[in-house]
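Mapped onto my numbering, the consecutive letters of the sequence shown carry residue numbers 1 to 499.
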Amino acid sequence: MQELTHFVNGKHVKGTSGRFSDVFNPATGEVQAKCPMASVGEVEAALDIAARAQVGWGAQNPQKRARVMMKYVDLLNRDMDRLAEILSREHGKTIPDAKGDITRGLEVIEYCVGAPELLKGEFTDSAGTGIDMHSMRQPLGVVAAIMPFNFPAMMPLWHVGPALACGNSVILKPSERDPSLPLALAELFIEAGLPEGVFQVINGDKEAVDTLLDHEIIQGVSFVGSTPIAQYIYARATASGKRAQCFGGAKNHMIVMPDADLDMAADALIGAGFGAAGERCMAISVAVPVGKETADNLIEKLVPRIEKLRVAPYTDGDDVDFGPVITAASKERILGLIESGVDQGATLVVDNRDFKLQGYENGFFVGPHLFDNVTPDMDIYKTEIFGPVLSTVRAESYEEALKLTMDNEYGNGTSIFTRDGDTARDFASRVNVGMVGINVPIPVPLAYHTFGGWKKSAFGDLNQHGPDSFRFYSRTKTVTTRWPSGMKEGGEFHFKAID
Ligand code: NAD
């Protein structure tokens, strides 16, 4: 049995708490590794190292920090196949999906190469007689990133990259369910030239997280995960005066208008609803066709596409559509929600409740499911299922579909499929959701824009990656300088000479 480590002061370090959590092979259900759960003392030791390492790193000029990022991009590209294999082995997602996970993280590191430009301050010459004023962006100090299981490369890189580029030290607390890839990311930072102790990985659970949240060395906290934990972390971190940004769960709606290209909409729903087994915060979990005819036609197009989906382990090749979900508990929870949908009166159009994969009977596979006639009072509508389950809520009009989307407590992503520019523009302008797609099912902004939801999908003011991330991981200081002699005698001469 492999025993995983923490990554402290540039090295892999064994856990000393005696507590471990099981890491599964989700395709077989077997325990393949043990992940150490850090004690308070282990976290505190890492914090001391981080604080000392930050002094030199924060004082480096931003261009030198950017060069580490440049080198890191090369290393991620060099090791893409190896990293994707590590990721898929613990997460279960297909290799193309794993490479997408790493690539979306890598794109944010590429953005961080622009640190000197992004951290450039402002300057006002002669704000008063003999007075100049300038502002600068300085690192926060030591920050913590507490990350979810579903994107073990992308999510850490979205936070660690900008935090390091701004001159902070970072303690990453990855998900205990797939911690190997974050450990591999840490090794590569050392190879890229990052000084030891500036980026450390502490594995653990609530004990480690609470220690980070309460410790005075930590100045900023970034969290990504489920909404109840996001709320908890935001409240606890800000209570002790820390800067915090906490991103939560989602229930993303896709409105399909009667004038939409229905084949395009159906294809989009397959990818967005079932890709990565629905374990994405930007997955579309609710389809909202407008009008009976649109709904009937959409369902007719979806069913054969869903029946063709190939659910298998990632090792079965690149034509696998999606793999298992992350744990047995997650599988049980998803199947329980599907039962509740049936009990509460939704129509289960594609039913794979008895899905079994030969040779992988103990794996955490869940077949794809499609519900029709879902209503907002049902548990399958109210809950983030985080599995391969697409619900259809029929709406009679655009206004009804818009209201449904707006009344939902989550506001991460949404999309509309239509050929009508007026409707699309109205939707983008009025909907109370952070990321909007028009004929695009998963509107994930690129690295140089920012990513974040509204309502119960995000707590805090600044988004992930893009310019917001540099604002989050740095603070502004403004300096006003009076030059005692004011303007030198004869200072006007220069202007006269130009005349
Ligand atoms: P999770 O909330 O269970 O765990 C996230 C992190 O919090 C993990 O590191 C975990 O160890 C830690 N944690 C869990 N319980 C804790 C507690 N009681 N106290 C302190 N720390 C605790 O989330 P998950 O299952 O790993 O990830 C899936 C969720 O993440 C989904 O809800 C998904 O929508 C969301 N997500 C959101 C975004 C976004 O940008 N909004 C992106 C990716 C995932």
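From the three backbone atoms N, C-alpha and C, an ideal C-beta is built for every residue, glycine too. Computed from a predicted model, the values in this text were never measured in an experiment.
I'd like to know whether the C-beta atoms of residue i and residue j end up nearer to each other than 8 Å.
i    : j    : result
G341 : I380 : yes
V31  : V23  : yes
S169 : P152 : no
G248 : S457 : yes
A230 : A237 : no
D263 : I95  : no
R353 : N373 : no
N286 : I334 : Here the sequence assigns Val to residue 286, which means Asn is not the residue at that position. Result no, Cβ atoms of V286 and I334 do not sit closer than 8 Å.
T450 : G466 : yes
G291 : P258 : yes
G452 : N439 : no
A50  : G15  : no
P162 : F470 : yes
L157 : G121 : no
M254 : F149 : no
Y473 : L140 : yes
T414 : T405 : yes
G29  : E196 : no
V349 : I299 : yes
N252 : A283 : yes
R305 : A266 : yes
P445 : V436 : no
L188 : Y72  : yes
L47  : V142 : yes
Taking 7 Å as the cut-off, does the CB of residue i come closer than this to any heavy atom belonging to the ligand NAD?
i    : result
Y232 : yes
S506 : Nothing can be reported for residue 506, as the shown portion of the chain is limited to 1 through 499.
F120 : The sequence given here has Lys at residue 120, not Phe. Result no, Cβ not under 7 Å from the ligand NAD.
M554 : Look at the range of the chain in this structure, 1 to 499, and you will see that residue 554 is not part of it.
N412 : yes
N150 : yes
V444 : no
M147 : yes
I229 : yes
F386 : yes
A237 : no
F20  : no
F364 : no
C281 : yes
E90  : no
K206 : yes
A328 : no
G275 : no
V286 : no
V209 : yes
K173 : yes
Please classify residue i: is it buried, with 16 or more other beta-carbons within 10 angstroms of its beta-carbon, or exposed?
i    : result
N432 : exposed
V13  : buried
F123 : exposed
K331 : buried
Y448 : exposed
G359 : exposed
K173 : buried
D178 : buried
M1   : exposed
V54  : What sits at residue 54 in the sequence shown is Gln, not Val. Q54 should be labelled buried.
A239 : exposed
S391 : buried
N61  : exposed
R52  : exposed
T480 : exposed
E361 : exposed
F7   : buried
E42  : buried
L181 : buried
D499 : Because D499 carries a pLDDT of 49, less than 50, the predicted location of this residue cannot be relied on, and no value is offered for it.
W57  : buried
Q200 : buried
L4   : buried
G460 : buried
G336 : exposed
T315 : exposed
D343 : exposed
H494 : A caution first: H494 carries a pLDDT of 49, below 50, which makes its placement in the model unreliable, though a value can still be read off. Exposed, by the Cβ-count rule.
Under the criterion of a Cβ to heavy atom distance below 7 Å, does residue i qualify as lining the ligand GDP?
i    : result
V433 : Ligands displayed in this structure: the ligand NAD; the ligand GDP is not among them.
Entirely enclosed beta strand (DSSP E) segments - the region 245-290, minimum 3 residues
252-256, 284-289
Ordered list of alpha helix (DSSP H) runs contained in the region 371-429, each at least 4 residues
379-382, 398-407
Note down, one range per segment and in chain order, each alpha helix (DSSP H) of at least 4 residues found wholly within the region 39-65.
40-59
Which complete beta strand (DSSP E) runs does the region 316-368 hold, if anything under 3 residues is left out?
347-350
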